[in-house]
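First the structure, in the form of structure tokens, and then the observations on it.
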Amino acid sequence: MGDTDSCLEKSPKRGGCKFHTCSSLSSATQSSAEAFRKASESQKPKISVFRTSESNPVKHTLAHSGLYYKVESEEYNRYMKAGQHEKLHKMGIAFNEHCVMVREPALEIFECIRATDLSLPAIRYIIYGQLGAGKSVTLAHVMSFCGRLGWFVVHVPWFERFMKYPKEVQVSSHNKDRVDTPVECAEWLNYFKEMNAHLIPEVKLQHTYVWNRRESTEAGASLSELLEYGASRSKYAADVMGAVLKELRVQSSKGILKTLVALDGVNALWLPSKISRIDNRNLKYKPDELTVVHNLKKMLTNDWSGGAIMSIVDTRCSPVDQKESYMPRYLLTKEAIDMLEPHIPIHIQNYSDKEAQSCLEYFIDRKWIMKQEGLTMEGQREILFLSSQNPLEMYNVCSRW
Numbered sequence: 001m002g003d004t005d006s007c008l009e010k011s012p013k014r015g016g017c018k019f020h021t022c023s024s025l026s027s028a029t030q031s032s033a034e035a036f037r038k039a040s041e042s043q044k045p046k047i048s049v050f051r052t053s054e055s056n057p058v059k060h061t062l063a064h065s066g067l068y069y070k071v072e073s074e075e076y077n078r079y080m081k082a083g084q085h086e087k088l089h090k091m092g093i094a095f096n097e098h099c100v101m102v103r104e105p106a107l108e109i110f111e112c113i114r115a116t117d118l119s120l121p122a123i124r125y126i127i128y129g130q131l132g133a134g135k136s137v138t139l140a141h142v143m144s145f146c147g148r149l150g151w152f153v154v155h156v157p158w159f160e161r162f163m164k165y166p167k168e169v170q171v172s173s174h175n176k177d178r179v180d181t182p183v184e185c186a187e188w189l190n191y192f193k194e195m196n197a198h199l200i201p202e203v204k205l206q207h208t209y210v211w212n213r214r215e216s217t218e219a220g221a222s223l224s225e226l227l228e229y230g231a232s233r234s235k236y237a238a239d240v241m242g243a244v245l246k247e248l249r250v251q252s253s254k255g256i257l258k259t260l261v262a263l264d265g266v267n268a269l270w271l272p273s274k275i276s277r278i279d280n281r282n283l284k285y286k287p288d289e290l291t292v293v294h295n296l297k298k299m300l301t302n303d304w305s306g307g308a309i310m311s312i313v314d315t316r317c318s319p320v321d322q323k324e325s326y327m328p329r330y331l332l333t334k335e336a337i338d339m340l341e342p343h344i345p346i347h348i349q350n351y352s353d354k355e356a357q358s359c360l361e362y363f364i365d366r367k368w369i370m371k372q373e374g375l376t377m378e379g380q381r382e383i384l385f386l387s388s389q390n391p392l393e394m395y396n397v398c399s400r401w
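Okay, so the sequence shown: first residue is 1 according to the UniProt record's numbering, each after it adds one.
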């Protein structure tokens, strides 16, 4: 029995226990299996609960509200780049992608446009909200939506630039009581041409436009010919801009095409300009003395059909002593209110709890929030408190985390 017990305890000449060896093999197998399981789990694609794979704005619904969608480079450059806050553009470059959050105000506008009888006068929408709440992003989302539906988009990214220190000022060749800003108008014509390049070749002019004794653009010519003339002959750029806008109004009313008018900083149309008069440098031109203001106000009237009119009121356009409120009736003059009635107000608020959480998760995913404190619940609550869930302020606050 002693020898048998000895054989059970030890394996002769191998210095190890047979039973211990089997146990070690079993533990090693379990460890390998556990390591393989963890490695497999780490390789599984993570589900991004803050994203949606639906990148077509036409298909966005309430089910996508509060989720980000990726905007393709071509669409971003066409409809979004020019009108966005500089920080948002830089963020897209840093993140190596451009994403936009689907929000309820944009979805509300989508439904209104779908339900609109386009044979009736164009409906006006006034977008308003706090600085950094996402007004321009909402407008860009609507522009992308209408662009996908085959609409022309007349976008003025920031109208105030026409009213402040233009590169050149000249007396209008069409009306001696008005002045042109030819360089800015020529730049806008090129911008319009790039944005609507896929639609322009199909449009023929309904009217003849005479520029001088020897030059004219005949009815039946292509819209691209008119745009090229205005871009190459900056002297007539402001008048060509007016002709392009007239063609869009006329042809939209006839049902030939559809047009979205999108003006950012619309309240600047009724504010004093900073352009010194040619005849007296001590005085400034009134808004209605500028050809571009005259032309754009025609687009804001709803005496045409076959489209929609979107405009943003912004405190940044207002004088220093008129920034206490972001409400339209505070920022617009009485003349402006009378002209823009009736309209549908669209309030862009700060992020809801769901939207703010999506934003935080997106920033964490893109490594915009790097500090360990920002990954904790307590840290995220502090971010939301410091930013008041304002989209722009969330970007600023998170940049320090």
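Every residue gets a Cβ at the ideal spot worked out from N, C-alpha and C, and that includes glycine.
The ligand PLP heavy atom lying under 7 Å from the CB of residue i
i      : result
Pro166 : In terms of ligand content, the structure shown is empty, and the ligand PLP therefore cannot be addressed.
Residues of its chain near residue i, where Cβ-Cβ distance is below 8 Å and the 5 sequence neighbours each way are ignored
i      : result
Leu199 : Gly150, Phe152 and Leu257
Val179 : Val169, Gln170, Val171, Ser172, Ile275, Ile278, Tyr285, Glu289, Leu290 and Thr291
Lys46  : Its pLDDT being 47, under 50, Lys46 is placed unreliably by the model, and the measurement read from it follows with that caveat. So the list is empty, once near-sequence residues are dropped.
Thr208 : Ser216, Thr217, Glu218 and Ala219
Gly255 : Leu118, Ser119 and Gly306
Glu247 : Val203, Leu205, Gln206, His207, Leu223 and Leu226
Glu324 : Tyr330
Under the three-state DSSP convention, the category residue i falls into
i      : result
Thr301 : coil
Ile113 : helix
Ala221 : coil
Ala63  : helix
Phe385 : helix
Leu260 : strand
Ile200 : helix
Tyr229 : helix
Ile337 : helix
Leu283 : coil
Leu271 : coil
Arg316 : helix
Arg51  : strand
Ser399 : coil
Ser276 : strand
Pro391 : helix
Gln380 : helix
Ser234 : helix
Same chain only: Cβ atoms within 7 Å of residue i, ignoring 5 sequence neighbours per side
i           : result
His64       : Thr52, Glu54 and Val102
residue 402 : Residue 402 falls outside the range modelled here, since the chain spans only 1 to 401, and no answer is possible.
Cys317      : Glu160, Gly265, Asn267, Ala268 and Leu271
Val397      : Ile383, Leu386 and Ser387
Gly129      : Lys135, Tyr326, His347, Ile348 and Gln349
His294      : Arg178 and Asp288
Gly230      : Ala186, Leu189, Tyr236, Ala237, Val240 and Met241
Nonlocal neighbours in the same chain, by C-beta distance under 6 Å from residue i, ignoring five residues either side
i      : result
Leu332 : Asn267
Val203 : Leu223
Gly379 : Glu373
Asp353 : none
Asp239 : His174
Val71  : His98 and Val100
Gln251 : Leu257
Pro157 : Ala82, Gly83 and Asp264
Reference residue i; option with closest CA among the options
i      : options                           : result
Glu355 : Ala237, Leu62, Met241 and Val58   : Leu62
Cys146 : Gln322, Tyr68, Ala262 and Thr208  : Ala262
Phe363 : Asp177, Glu184, Val100 and Val183 : Val100
Lys59  : Thr116, Tyr76 and His141          : His141
Tyr165 : Glu184, Pro157, Val154 and Pro391 : Glu184
Glu228 : Met370, Ala197, Glu361 and Pro342 : Ala197
Leu245 : Tyr351, Arg124, Leu300 and Ala133 : Leu300
Tyr395 : Ala133, Asn96 and Phe192          : Ala133
Asn212 : Arg233, Glu108 and Pro201         : Arg233
Gln389 : Tyr351, Ser273, Trp368 and Leu360 : Tyr351
Asn56  : Phe192, Ala94 and Met143          : Met143
Endpoints, the alpha helix (DSSP H) within which residue i is located
i      : result
Ser144 : Lys135 to Arg148
Ile364 : Asp353 to Asp365
Pro328 : Pro328 to Leu331
Leu245 : Ala237 to Ser253
Phe162 : Glu160 to Met163
Leu290 : Note, Leu290: premise wrong, no alpha helix (DSSP H); not H, not E.
Element boundaries [beta strand (DSSP E), containing residue i]
i      : result
Gly307 : Gly307 to Ile312
Ile369 : That residue, Ile369, is in no beta strand (DSSP E); it is neither H nor E in DSSP.
Val154 : Phe152 to Val156
Pro345 : Ile344 to Ile348
Discussion item. What ranges does the beta strand (DSSP E) occupy inside the stretch 67-133, keeping only unbroken runs of at least 3 residues that lie completely in it?
Written reply: Restricted to the stretch 67-133, the beta strand (DSSP E) segments that are unbroken, complete and at least 3 residues in length are 68-71, 98-101 and 123-129, listed in chain order.
Discussion item. Extract the residue ranges of the alpha helix (DSSP H) inside the stretch 167-216, only unbroken runs of 4 or more that lie entirely within it.
Written reply: Every alpha helix (DSSP H) of 4 residues or more that sits fully in the stretch 167-216 is shown, in chain order, as 182-195.
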